[in-house]
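Novice: Okay, handing you the structure first.
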Amino acid sequence: MSATNNHIHDTSHITYESLLEGNKKFVAETLKEDPDYFTKLANGQKPPVLWIGCSDSRVPANQVTNTKPGEIFVHRNIANVIVHTDMNMLSVLDYAVNVLEVKHVVVCGHYGCGGVIAALTNKTYGIIDNWLRHIKDIYRLHASELDLISDEVQRANRLVEFNVLEGVHNLCKTSIIQNAWVNGKDLTVHGWVYELSTGFINDLKVSTTSSNNLNDVFKLNY
Ligand code: CO
Numbered sequence: 011m012s013a014t015n016n017h018i019h020d021t022s023h024i025t026y027e028s029l030l031e032g033n034k035k036f037v038a039e040t041l042k043e044d045p046d047y048f049t050k051l052a053n054g055q056k057p058p059v060l061w062i063g064c065s066d067s068r069v070p071a072n073q074v075t076n077t078k079p080g081e082i083f084v085h086r087n088i089a090n091v092i093v094h095t096d097m098n099m100l101s102v103l104d105y106a107v108n109v110l111e112v113k114h115v116v117v118c119g120h121y122g123c124g125g126v127i128a129a130l131t132n133k134t135y136g137i138i139d140n141w142l143r144h145i146k147d148i149y150r151l152h153a154s155e156l157d158l159i160s161d162e163v164q165r166a167n168r169l170v171e172f173n174v175l176e177g178v179h180n181l182c183k184t185s186i187i188q189n190a191w192v193n194g195k196d197l198t199v200h201g202w203v204y205e206l207s208t209g210f211i212n213d214l215k216v217s218t219t220s221s222n223n224l225n226d227v228f229k230l231n232y
């Protein structure tokens, strides 16, 4: 057991051919369970959840929530950063809320997030430095608490949580979410953190269903 604990997951067997073989297996096994599965899915999607998570290969939305294709609408970027001017994120959010009419938007970060850990250093990694600067801004907001945590892993993990909380807050500030609430839509924004070492999700219990908690300056009049 201890030998595997010290090694990362072996991916040497993964080739592009093995992915195509894997796809055939996926189709065969899915059809065995439900012969109409793909024909039904092809008719359209009605996922009740939008997942905004990290691009990290270890946190796939469907697998970690035991869901299937068609059940979660997904947006992922490095370190699940929610930026007001990110047209990609805004397009996904608008489509999910106003066309698919999802009931839940989940921001799911994960402990041990490389993007968050990198943001706590002074190293440069290339263009991503500009993206991770948003996380440094969150650090600045909470520096007084974070600087008291001497353990580096714990400090990074707390910043992971703050990054999710800020993401939830940033989503609630958008005209898309505020508009949905003003129009009486049943929509909740959640903040979760996935624990890589156990597979469990930690619900940060900040589920929000109205703009009441927003500072007045962010509230939009409709
Ligand atoms: Co990550």
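Counting from 11, one number per residue, gives the positions in the sequence shown under our numbering. Ideal Cβ positions, reconstructed from N, Cα and C, are used throughout, including at glycine. Just so we're clear, the structure is a prediction, and the values are computed from it rather than from any experiment.
With a threshold of 7 Å on Cβ separation, who are the neighbours of Gly122 within its own chain once the five nearest residues in sequence on each side are excluded?
Specialist: Leu206
Novice: Return the chain-ordered list of same chain residues with a C-beta closer than 8 Å to the C-beta of Val174, the five sequence neighbours on each side being excluded.
Specialist: Asn90, Val117, Cys118, Gly119, Gly201, Trp202, Val203, Leu214
Novice: Quick check on the DSSP output: what are the complete alpha helix (DSSP H) runs of length 4 or more inside the segment 62-104, in order along the chain?
Specialist: Counting only runs of 4 or more, we get 71-74, 97-104.
Novice: Could you pull out every residue in the same chain whose Cβ sits closer than 8 Å to the Cβ of Val93, ignoring the five residues on either side in sequence?
Specialist: Closer than 8 Å at Cβ, skipping near neighbours: Met99, His144, Asn180.
Novice: May I ask whether a heavy atom of ligand 1 can be found less than 8 Å away from the beta carbon of Asp139?
Specialist: no
Novice: From which residue to which residue does the alpha helix (DSSP H) around Thr123 run?
Specialist: One detail in the question is off: residue 123 reads as Cys in this sequence, not Thr. Neither: Cys123 is in no alpha helix (DSSP H) and is coded neither H nor E.
Novice: Using only the alpha-carbon positions, how far apart do Ser12 and Asn87 sit?
Specialist: With a pLDDT of only 42 at Ser12, under the threshold of 50, the placement of this residue in the model should not be trusted; the figure read from the coordinates follows. Near 32 Å, if we compare the C-alpha coordinates of Asn87 and Ser12.
Novice: My understanding is that Phe169 touches Val126, with C-beta atoms under 8 Å, so please give their C-beta distance in whole angstroms.
Specialist: Reading off the sequence shown, one finds Leu at residue 169, where the question assumed Phe. Right, the Cβ-Cβ distance comes to about 5 Å (below 8 Å), so this counts as a contact.
Novice: Which residues in the same chain as Ile211 place their Cβ atom closer than 6 Å to its Cβ, once the five residues preceding and following it in sequence are excluded?
Specialist: For Ile211, where only same-chain residues beyond five positions count, the Cβ hits under 6 Å are Trp202, Tyr204.
Novice: How far does the beta strand (DSSP E) with Tyr204 in it extend, from its first residue to its last?
Specialist: Looking at the DSSP string, the run of the beta strand (DSSP E) that includes Tyr204 is 198-204.
Novice: Say yes only if the C-beta of Val174 is nearer than 8 Å to one or more non-hydrogen atoms of ligand 1, and no if none qualify.
Specialist: no
Novice: Nearest-angstrom Cα distance between His17 and Thr184?
Specialist: Cα to Cα, His17 sits roughly 42 Å from Thr184.
Novice: To the nearest angstrom, report how far apart Thr208 and Arg165 are at their CA atoms.
Specialist: 19 Å
Novice: Cβ-heavy atom distance between Asn90 and ligand 1 below 8 Å?
Specialist: yes
Novice: At what residues does the beta strand (DSSP E) containing Ile159 begin and finish?
Specialist: DSSP places Ile159 outside any beta strand (DSSP E), giving it a letter other than H or E.
Novice: Does the beta-carbon of Pro57 have 16 or more other beta-carbons within 10 angstroms, so that it is buried, or is it exposed?
Specialist: Pro57 should be labelled buried.
Novice: Taking only the alpha-carbon atoms, compute the straight-line gap between Leu224 and Val199 and give it to the nearest angstrom.
Specialist: 13 Å
Novice: Can you round the beta-carbon distance between Val107 and Phe83 to whole angstroms, since I take them to be within the 8 Å contact cut?
Specialist: Between Phe83 and Val107 the Cβ distance is about 10 Å, and since that is not below 8 Å, they are no contact.
Novice: Nearest-angstrom Cα distance between Ser28 and Ser22?
Specialist: 11 Å
Novice: Could you tell me the boundaries of the alpha helix (DSSP H) in which Asp147 lies?
Specialist: 138-151
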